[in-house]
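Residue numbers (my numbering): 135 to 425. C-beta: ideal position from N, C-alpha, C; glycine also. Bear in mind the structure is a predicted one, so any value in this text is a computation, not a measurement. All remarks here apply to the structure that follows.
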Ligand code: DGL
């Protein structure tokens, strides 16, 4: 119930826009790009900014209090500076905890990214579903609530991964990451007994879809990996309202603004992933040093 109410609350604040909408996409690192690329594809009319709180990475390791403060400070800094029409929190670890406080502080819509338990359990034939996520997301009450509400009749295995988001960052940085290291993290998702085996794995950290090809290649047997990004893109579109000039997507030429809190983001990598030009990356000097 609480979850449904939260979803409805941000539907009410949908802006009626008559110009290029501006959207801020947030993550602890590069994982949010798996969501950003879908949203950018869905909204060629929008201008985008992307922020990675890399000084706080990995979020999976932070206490709840630290996480709420970091996200509040970094997002707050950019909301006041950029005045976006909408913010996408492209991070499960942050969304499952910090959305109520963000919504309380800013009168714009926030679209979160939360474990896709409902579609995964609806689609599973074997009724064995695994949720692969950071330790933070795994221990959240919010995640437990999703399982209570949407997983009845399913045997759900929660798989906390301490290292996988960092391994994805390493892959994207061009470092060699062994199959064994990835397999150690995803192995516990694959559960089998005499009757059935896991057929669906929820990718409940936005980093993971960025190495989907390796996850598929390393799976002991084929499963459906569920990535929430297309659903998030649809949600963003429904909140922004229709693209008023779909034939003239001038905003695709507007360079994406890139922000981080520790090291400058890799502009070429992000431009290639998103398919848009990017501005020279900026490192925010407002990193929450007190944390
Ligand atoms: N990409 C983030 C998520 O979706 C988490 C990565 C991290 O641990 O910072 O949960």
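- Collapsing the DSSP output to three states places residue 358 in a strand.
- Shown here for residue 417: same chain residues with a beta carbon closer than 8 Å to its own, the five before and five after excluded, namely 393, 394, 395, 396, 397 and 398 in chain order.
- For residue 324, the three-state secondary structure derived from DSSP is coil.
- For the segment 182-218, there is no continuous beta strand (DSSP E) assignment of 3+ residues that stays within its boundaries.
- Pairwise C-beta distances place the segment 207-217 in contact with the segment 234-247, as three or more of them are shorter than 8 Å.
- Between residue 166 and residue 159, the beta carbon gap of about 5 Å places them in contact (Cβ cut-off 8 Å).
- Looking only at 204, 183, 201 and 228, the smallest Cα-Cα distance to residue 220 is reached by 183.
- If you look at residue 265, you'll find it in the beta strand (DSSP E) that goes 262-267.
- By alpha-carbon distance to residue 175, the top candidate from 310, 387, 195 and 162 is 387.
- Residue 320 and residue 352 do touch by the CB rule: their CB atoms are close to 7 Å apart, below 8 Å.
- Residues of the same chain with a CB within less than 8 Å of the CB of residue 331, apart from the 5 flanking positions on each side, are 260, 262, 324, 325 and 355 in chain order.
- Residue 309 counts as exposed, since fewer than 16 other C-beta atoms from the protein chains shown sit within 10 angstroms of its C-beta.
- In the three-state reduction of the DSSP assignment, residue 248 falls in the coil class.
- With a threshold of 16 other beta carbon atoms within 10 Å, residue 251 meets it and is buried.
- Residue 192 counts as buried, since no fewer than 16 other beta carbons sit within 10 angstroms of its beta carbon.
- Residue state for residue 286 is assigned as coil, using DSSP reduced to three classes.
- Distance from residue 293 to residue 281 at the Cβ level is roughly 13 Å; contact not present, criterion being Cβ atoms closer than 8 Å.
- For residue 372, there is no enclosing beta strand (DSSP E); the residue is part of the alpha helix (DSSP H) that begins and ends at 363-374.
- Between residue 173 and residue 370 a beta carbon distance of about 5 Å is seen, short of the 8 Å cut, so the two are scored as contacting.
- Membership of residue 404 in the alpha helix (DSSP H) is indicated by the continuous run 401-408.
- Beta-bridge annotation (DSSP): residue 334 is paired with 263 and 358.
- Residue 373 and residue 243 have their alpha carbons spaced roughly 8 Å apart.
- Per the DSSP secondary-structure output, residue 223 pairs in a beta bridge with 160.
- The ligand DGL has a heavy atom closer than 6 Å to the beta-carbon of residue 299.
- DSSP, read as helix, strand or coil, puts residue 390 in strand.
- Inclusion of residue 161 in the 6 Å shell around the ligand DGL follows from its C-beta lying nearer than that to a non-hydrogen atom of the ligand.
- Under DSSP, residue 291 forms a beta bridge with 264.
- Taking a C-beta distance under 7 Å as the contact criterion, residue 222 and residue 248 do not qualify as a contact pair.
- Around the CB of residue 180, 16 or more other CB atoms lie within 10 Å, so the residue is classed as buried.
- DSSP places residue 154 in the coil class of the three-state scheme, outside both helix and strand.
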